[in-house]
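Trainee:
Chains as they are written, first to last, in the working numbering: chain S, 1 to 437; chain V, 1001 to 1046.
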């Protein structure tokens, strides 16, 4: 669970089609190098709304179906699925992988999979992280001699407009989609496609953070470039990005800082202050949609008796910091200034930060040293634009996530990186290669 | 032989992120460890 739980499919953008059974039943899946199971919704999924909006596998209609029935459950960062194993032939491109174990999902709770454009996930990671130790599709493809070389490669088209969103090639590489030679690094731990990454540079200046080496994975199922909070905060600070909570925190300090200080001086309990000034009492006025939030609010109130949101978190942290500073005999002005600075360090929901869409030209290049070579990302390559026109939002392609040992700390090189650099997954030589896309 | 799988790219849109934000709120309320990094926890059922 610790391993699989990294996934966040919110911004997943790249999909492909596979077929399962005979005759073939079509499914849209994410080809995900950060997990190792194949799952699609089952016709036996009755009580999850997500199943009604996606293609479902009907074993009765397949002449090549074989029953397994072992139960299975996968927890992702933004949703969990459960169901049971079945076996059938899987059509990938013009290949047919026979006797492939996969999960028929009978429960897809939550909104992520409901809103998703994909039906399921096809994991391309190693068997070591396969739930139930099921043999991954890629292993069977190699074992059944369906590809000449045990290699697959990704080209993700960043400028896609229409159908040509990218290409996954099993059995080799497509020379049309990269320039020069690939820089290869060995897989250091099987499970994810994990390798050692070197230094991180901001506009050519070393941060020193990974000069002694950092573990990283190439993950086609993650959109952003994810790393430890400490260094991601540094990068996001350099590109002028700030998190949602950070912004809330600053608002609180500017509008309520003086009030909070006076309440603290009057010995009001810190934990009560945020409720008293209205930040931890959900009033339906915050967030994007009052109507929907109020529905969610009612449902979560029943199960947990209350809820916190970003503003409440920010408020509580600001108050605690102010109280700490008061005990150090700082002036009120110094305290407010200090807390304002600390606001920048607050993590955001999803670890994401917002940037100003009109400031791309002033942002620095961010570079990563892999295999002794520098791989650059320019602002237009690491900033994601969501929506169009005046309503467009821009988010930093660098998100914070602290993965604990023994797996972590870990960097996740998602689509932001793989879009810029054509990526080869060399299973035969246990290595990963990157070349300019 | 090379087996080529064409990939489609979906545009990022605000509605997906709205869904995600709502789900984030659910998770916040349902599991304390999720509040900070929401790596895991019990997720709300439909």
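Heads up, the beta-carbon is just placed ideally off N, CA and C, and yes, glycines get one too.
For a minimum of 4 consecutive residues, which ranges assigned as the alpha helix (DSSP H) are wholly contained in the segment 376-405 of chain S?
Mentor: Runs found: 379-382.
Trainee: Can you name, in chain order, every residue of its own chain whose Cβ lies under 7 Å from the Cβ of residue 1011(V), other than the five neighbours on each side?
Mentor: Numbered from its first residue, the second chain carries residue 1011(V) at position 11. None.
Trainee: Let me confirm a value: residue 99(S) is counted as buried when at least 16 other C-beta atoms fall within 10 Å, else exposed. Which label applies?
Mentor: On the first chain, position 99 is the one that residue 99(S) refers to. Burial call: exposed.
Trainee: How about residue 425(S) and residue 193(S): do their beta carbons lie closer than 9 Å?
Mentor: By 1-based counting over the first chain, the position of residue 425(S) is 425. By 1-based counting over the first chain, the position of residue 193(S) is 193. Yes, they are a contact pair.
Trainee: Beta-carbon within less than 7 Å of residue 421(S)'s beta-carbon, same chain only, minus the 5 sequence neighbours each way: which residues are those?
Mentor: Locating residue 421(S) in the first chain gives position 421, counting from the first residue. Once the five neighbours on either side are set aside, the close Cβ partners of residue 421(S) are 375, 434, 435, 436 and 437.
Trainee: Taking the alpha-carbon of residue 121(S) as reference, which of 40(S), 330(S) and 129(S) has the nearest alpha-carbon?
Mentor: Position 121 of the first chain holds residue 121(S). That would be 40(S), whose Cα lies nearest to the Cα of residue 121(S).
Trainee: Determine whether the Cβ of residue 157(S) lies closer than 9 Å to any Cβ atom of chain V.
Mentor: In the first chain, residue 157(S) corresponds to position 157, counting from 1. Yes, because at least one Cβ of chain V sits closer than 9 Å to the Cβ of residue 157(S).
Trainee: Using a Cβ-Cβ cutoff of 7 Å, what residues of the segment 11-22 of chain S are near chain V? List them in chain order.
Mentor: Listed by position along the chain: 11, 13, 14, 15 and 16.
Trainee: Can you find the residues in the same chain that come closer than 6 Å, C-beta to C-beta, to residue 238(S), ignoring five residues on each side of it along the sequence?
Mentor: The residue labelled residue 238(S) in the question sits at position 238 within the first chain. So the qualifying residues of the chain are 202 and 364.
Trainee: Taking 9 Å as the cut-off, decide whether the C-beta atoms of residue 126(S) and residue 191(S) are in contact.
Mentor: Taking the first chain and counting its residues from 1, one reaches residue 126(S) at position 126. Taking the first chain and counting its residues from 1, one reaches residue 191(S) at position 191. Yes.
Trainee: Starting from residue 143(S), trace the alpha helix (DSSP H) both ways and give me its first and last residue.
Mentor: Reading the first chain from its first residue, position 143 is the one you call residue 143(S). From DSSP, the alpha helix (DSSP H) with residue 143(S) extends over 137-143.
Trainee: Are the C-beta of residue 1006(V) and some C-beta of chain S separated by less than 9 Å?
Mentor: Here residue 1006(V) refers to the residue found at position 6 when the second chain is read from its first residue. Chain S contact via Cβ: present.
Trainee: Would you give the residue range spanned by the beta strand (DSSP E) that residue 449(S) belongs to?
Mentor: The question about residue 449(S) has no answer here: the residues shown for chain S are numbered 1 through 437.
Trainee: Residues of chain V with CB closer than 7 Å to the CB of residue 148(S), please, in chain order.
Mentor: Reading the first chain from its first residue, position 148 is the one you call residue 148(S). Per Cβ cutoff of 7 Å: 1001.
Trainee: Going by beta carbon distance, what residues of the same chain come within less than 7 Å of residue 64(S), once the five residues before and after it are set aside?
Mentor: Residue mapping note: residue 64(S) aligns to position 64 of the first chain, counting from 1. Excluding sequence neighbours, residue 64(S) sits near 21, 22, 88 and 89.
Trainee: Can you give the beta carbon distance from residue 357(S) to residue 394(S), rounded, assuming they're within the 8 Å contact cut?
Mentor: By 1-based counting over the first chain, the position of residue 357(S) is 357. By 1-based counting over the first chain, the position of residue 394(S) is 394. Right, the Cβ-Cβ distance comes to about 4 Å (below 8 Å), so this counts as a contact.
Trainee: Looking at residue 188(S) and residue 196(S), is the spacing between their C-beta atoms short of 9 Å?
Mentor: Numbered from 1 along the first chain, position 196 holds the residue referred to as residue 196(S). Numbered from 1 along the first chain, position 188 holds the residue referred to as residue 188(S). The answer is yes: Cβ separation under 9 Å.
Trainee: Between the alpha carbons of residue 267(S) and residue 337(S), how many angstroms are there, rounded?
Mentor: If you number the first chain from 1, residue 267(S) lands on position 267. If you number the first chain from 1, residue 337(S) lands on position 337. Residue 267(S) and residue 337(S): Cα-Cα distance of roughly 21 Å.
Trainee: In this structure, what does DSSP give as the bridge partners for residue 189(S)?
Mentor: Taking the first chain and counting its residues from 1, one reaches residue 189(S) at position 189. Beta-bridge pairing links residue 189(S) to 194(S).
Trainee: Would residue 435(S) count as contacting chain V if we go by Cβ distances under 9 Å?
Mentor: On the first chain, residue 435(S) is found 435 positions in, with the first residue counted as 1. By this cut-off, residue 435(S) is not an interface position.
Trainee: Let me know if residue 297(S) comes out buried or exposed under the rule of 16 or more other beta-carbons within 10 Å of its beta-carbon.
Mentor: Indexing the first chain from 1 puts residue 297(S) at position 297. Confidence in residue 297(S) is poor, its pLDDT being 39 and thus under 50, which makes the residue's placement unreliable; the coordinate value appears in the next sentence. Classification of residue 297(S): buried, given that the 10 Å Cβ count is 16 or more.
Trainee: What are the partner residues of residue 242(S), as DSSP defines its beta bridges?
Mentor: Start at 1 with the first residue of the first chain, and residue 242(S) comes out as number 242. Per DSSP, 354(S).
Trainee: Roughly how many whole angstroms lie between the Cα atoms of residue 91(S) and residue 389(S)?
Mentor: Residue mapping note: residue 91(S) aligns to position 91 of the first chain, counting from 1. Residue mapping note: residue 389(S) aligns to position 389 of the first chain, counting from 1. Each residue's alpha carbon lies about 40 Å from the other.
Trainee: According to DSSP, simplified to helix, strand and coil, what is residue 173(S)?
Mentor: The count along the first chain starts at 1 and reaches residue 173(S) at position 173. Note: residue 173(S) maps to coil in three-state DSSP.
Trainee: In this structure, how does DSSP classify residue 366(S) when only helix, strand and coil are distinguished?
Mentor: The count along the first chain starts at 1 and reaches residue 366(S) at position 366. Three-state DSSP puts residue 366(S) in a strand.
Trainee: Just mark residue 180(S) as buried or exposed, buried being the case when its beta carbon has 16 or more other beta carbons within 10 Å.
Mentor: Numbered from its first residue, the first chain carries residue 180(S) at position 180. Result: exposed.
Trainee: Between residue 42(S) and residue 51(S), is the Cβ-Cβ spacing less than 9 Å?
Mentor: Position 42 of the first chain, counted from the start, is the residue given in the question as residue 42(S). Position 51 of the first chain, counted from the start, is the residue given in the question as residue 51(S). Yes, they are a contact pair.
Trainee: List the residues of chain V that residue 384(S) touches, going by C-beta distances under 9 Å, in chain order.
Mentor: One-based indexing of the first chain puts residue 384(S) at position 384. Within chain V, the residues near residue 384(S) are 1012.
Trainee: For residue 136(S), I'd like the list of residues in its chain whose CB is within less than 8 Å of its CB, leaving aside the five on either flank, ordered along the chain.
Mentor: For the purposes of this step, residue 136(S) is taken as the residue at position 136 of the first chain. Taken in chain order, the residues that qualify are 36, 37, 38, 123, 124, 125, 126, 127 and 130.
Trainee: Is it the case that the Cβ atoms of residue 412(S) and residue 224(S) are separated by a distance below 9 Å?
Mentor: Position 412 of the first chain holds residue 412(S). Position 224 of the first chain holds residue 224(S). Yes, these two residues count as a Cβ contact at 9 Å.
Trainee: Let's see if you can read the secondary structure: which residues bound the beta strand (DSSP E) around residue 266(S)?
Mentor: Residue numbering aside, residue 266(S) sits at position 266 when the first chain is read from its first letter. Counting along the chain, residue 266(S) falls outside any beta strand (DSSP E), and DSSP gives it neither H nor E.
Trainee: Compare the C-beta of residue 191(S) against all C-beta atoms of chain V and say whether one is closer than 9 Å.
Mentor: As a position in the first chain, residue 191(S) is number 191, starting the count at 1. Not an interface residue.
Trainee: Quick check on the burial criterion: 16 or more other C-beta atoms within 10 angstroms. Buried or exposed for residue 204(S)?
Mentor: Working through the first chain from its first residue, we reach residue 204(S) at position 204. By the 10 Å Cβ count, residue 204(S) comes out exposed.
Trainee: With the cut-off set at 9 Å, would you say residue 178(S) and residue 31(S) are in Cβ contact?
Mentor: The sequence position of residue 178(S) within the first chain is 178, counting from 1. The sequence position of residue 31(S) within the first chain is 31, counting from 1. No, these two residues do not count as a Cβ contact at 9 Å.
Trainee: Against residue 167(S), what residues of chain V qualify as contacts under a CB-to-CB distance less than 8 Å, listed in chain order?
Mentor: Looking up residue 167(S) in the first chain gives position 167. Neighbours of residue 167(S) on chain V, chain order: 1004, 1005, 1006 and 1007.
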